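Residue numbering for the sequence shown is -6 to 392, as defined by the working numbering. Every residue gets a Cβ at the ideal spot worked out from N, C-alpha and C, and that includes glycine. For clarity, every value in this text was computed on a predicted model and none was experimentally measured. For reference, the structure is listed below as structure tokens.
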Amino acid sequence: MTALQKDQSSGMDGHRSVLAFLNDAESEHACRQCLAELNLTAAEVRRGSVDDAIAHLAANRSPNTLIVDISGAELPLSAINRLAEVCEPNVELIAVGDRNDVALYRDLTHAGVTDYLVKPVPLPILRSTLTSGSRVPTDRGSKKQGKLIVVAGARGGVGTSTLAANISWILSHRSSRRVALLDLDLYNGDCALLLGAEPTTGLRDALETPDRVDSLFVERTMTRCGDNLFVMNSETRLDATLDFNPEAIDPLLNILRAQFHYVVVDLPRSLQRIHHRVIAPANVRIIVADLTLRALRDTVRLLSHFGPDSETARSIVVINRRGEHAGAEIPLEEFSKTARNTPRHIIPFDPKAMINAANMGKPVAGSRGRVSGALAALAADIGGQAAERIKWSPLRLFK
Ligand SMILES: Nc1ncnc2c1ncn2[C@@H]1O[C@H](COP(=O)(O)OP(=O)(O)OP(=O)(O)O)[C@@H](O)[C@H]1O
Ligand SMILES: [Mg+2]
């Protein structure tokens, strides 16, 4: 069994393992022949361009390996970047083109392409790429992972779960980004409820039996809360003792980060070893606080625990429930000075909006208002996108 075939057998339902978009009959024929020789049954070759591939992937799950034809594309590099936007993080991308150009080859591999084959498609090279992976080490291609975002509260009840659920919801409704929301509040988690889904015991099962965790397990245990939004949680009885090794979170995180563009983690108030294992590799660490002394104190502690920002990780302080204790709140400037960190986002206290959303069984981000506007700005910041680029379309959001 080749590495690829093995991968296929562990693939998720409906997950086509090799998909090719080629725009001439000769390449199409060569690719078919190669796939048949390798006996890859979960494979499909289509006549089409890189734009056809983009349109397809924006609406469908990604294959394990994608072959795209960039000949004819006016700006091949930007086409590949647009393609990378819609592909799931772990996709192996093979580009086929008609330009024998070293600079293009280098740019493409730098952009995450595993291999670039010049037409006529060289069968032995395609065969070896499909069976053993890349000929070239790439910067992003071989170890692309979804962005890991942890959300921690500087005190209980400050709105940590509300923010985690709502930013997940917004990110998943932005183009076709796939989002996994992991509720690591194992006893009192309510992320599923916040998104109108039934809590399950899936996360607990994953932690207690890490050997069983593979793509299929993840697919079966996550609850779908929208086209691209999936939640994993654990409803644990308060008198139950959880019996797992903190390292058990690692295989689960690896699978989630390979298959989702964003993995958002709701952290409970008190952090245990398992939570620190998730915080360590996080790309974005959100600290939710309000303008109280208790929250300020723990914001300082959390910031120091998270450490300084780096190229791959940054901390964002968010003030939630602003205005709840009007007149008694610490002034924002004082908060920033003491925390040595200026909160990047301020979310107003708006119990009415929260109650209305809860009554409708929908996240507050789905209705217009000051809270949802601030949440959209936060989601845009996390996604590295200007807030105004998030398309507002309630009809689409609620379909
Ligand atoms: N901006 C806001 N305005 C008004 N109410 C809010 C706001 N944000 C959150 N809430 C409300 O605050 C309450 C606590 O929110 P949430 O459960 O998200 O907090 P938490 O920090 O996760 O709490 P816990 O420590 O119990 O996990 C909820 O009733 C929620 O609707
Ligand atoms: Mg919570």
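{"Query": "For ligand 1, any of its heavy atoms closer than 7 Å to the Cβ of Thr403?", "Result": "The requested residue 403 does not occur in the structure, where the chain is confined to residues -6 to 392."}
{"Query": "Measure the alpha-carbon distance for Thr102 versus Leu59 and round it to whole angstroms.", "Result": "14 Å"}
{"Query": "Work out the CA separation of Asp207 and Leu119 for me, nearest whole Å.", "Result": "28 Å"}
{"Query": "Over what stretch of residues does the beta strand (DSSP E) that includes Val206 continue unbroken?", "Result": "Val206 -> no beta strand (DSSP E), and no H or E assigned at all."}
{"Query": "For the candidate residues Leu68, Cys80 and Trp162, whose alpha-carbon lies nearest to that of Ala190?", "Result": "Trp162"}
{"Query": "Which residues share a DSSP beta bridge with Gly90?", "Result": "Val111"}
{"Query": "Within the present structure, is the beta-carbon of Thr153 separated from the nearest heavy atom of ligand 2 by less than 7 Å?", "Result": "yes"}
{"Query": "Cβ atoms of Val224 and Leu249: under 8 Å apart, would you say?", "Result": "no"}
{"Query": "Excluding five sequence neighbours on each side, which residues of the same chain lie with their C-beta closer than 6 Å to the C-beta of Ser135?", "Result": "Reliability of the predicted coordinates at Ser135 is poor, the pLDDT of 45 falling under 50, and no value is obtained from them."}
{"Query": "Could you have a look at Pro341 and say whether DSSP puts it in helix, strand or coil?", "Result": "strand"}
{"Query": "For Thr292, count the other beta carbons within 10 Å of its own beta carbon; 16 or more makes it buried, fewer makes it exposed. Which is it?", "Result": "buried"}
{"Query": "So, with DSSP's three-state summary, where would you put Asn74?", "Result": "helix"}
{"Query": "Under 7 Å from any heavy atom of ligand 1, does the C-beta of Ile312 make it?", "Result": "no"}
{"Query": "Spell out the partners DSSP gives Asp176 in its beta bridges.", "Result": "Asp259"}
{"Query": "Does the region 149 to 162 come close enough to the region 177 to 185 to have 3 or more Cβ pairs within less than 8 Å?", "Result": "yes"}
{"Query": "Would you grab the beta carbon distance between Leu86 and Cys27 for me? Rounded to a whole angstrom, and I think it's under 8 Å.", "Result": "Not quite, the Cβ-Cβ distance comes to about 17 Å (not below 8 Å), so this is no contact."}
{"Query": "Do Asp220 and Leu196 have their C-beta atoms closer together than 8 Å?", "Result": "no"}
{"Query": "In three-state DSSP terms, what is Leu141?", "Result": "strand"}
{"Query": "Flag Asp291 as yes when its Cβ comes closer than 7 Å to any non-hydrogen atom of ligand 2, and as no otherwise.", "Result": "no"}
{"Query": "Please report the straight-line C-alpha distance between Thr331 and Arg314, rounded to a whole angstrom.", "Result": "20 Å"}
{"Query": "Quick check: the region 326 to 343 against the region 297 to 304, are there 3 or more CB pairs under 8 Å?", "Result": "no"}
{"Query": "Using a threshold of 7 Å, is the CB atom of Asp178 nearer than that to any non-hydrogen atom of ligand 3?", "Result": "Ligands in the displayed structure: ligand 1 and ligand 2; ligand 3 is not one of them."}
{"Query": "Please return the same chain residues whose Cβ sits closer than 8 Å to the Cβ of Asn74, not counting the five positions on each side in sequence.", "Result": "Ala104"}
{"Query": "Of the choices Val61, Asn57 and Tyr255, whose alpha-carbon is the least far from that of Ala48?", "Result": "Val61"}
{"Query": "Determine, using beta carbons only, whether Tyr271 and Ile242 come nearer to each other than 8 Å.", "Result": "The residue asked about is misnamed: residue 271 is Val in this sequence, not Tyr. Closer than 8 Å, so yes."}
{"Query": "If I measure Cβ to Cβ from Arg363 and keep anything under 7 Å in the same chain, skipping five residues before and after, which residues do I get?", "Result": "Pro341 and Asp343"}
{"Query": "Here's the rule I'm using: 16 or more other beta-carbon atoms within 10 Å means buried, otherwise exposed. How should Pro130 be labelled?", "Result": "Residue confidence for Pro130 is low, a pLDDT of 46 falling below 50, so the modelled location carries little weight and cannot support an answer."}
{"Query": "Would you check if the distance between the CB atom of Thr193 and the CB atom of Thr214 is smaller than 8 Å?", "Result": "yes"}
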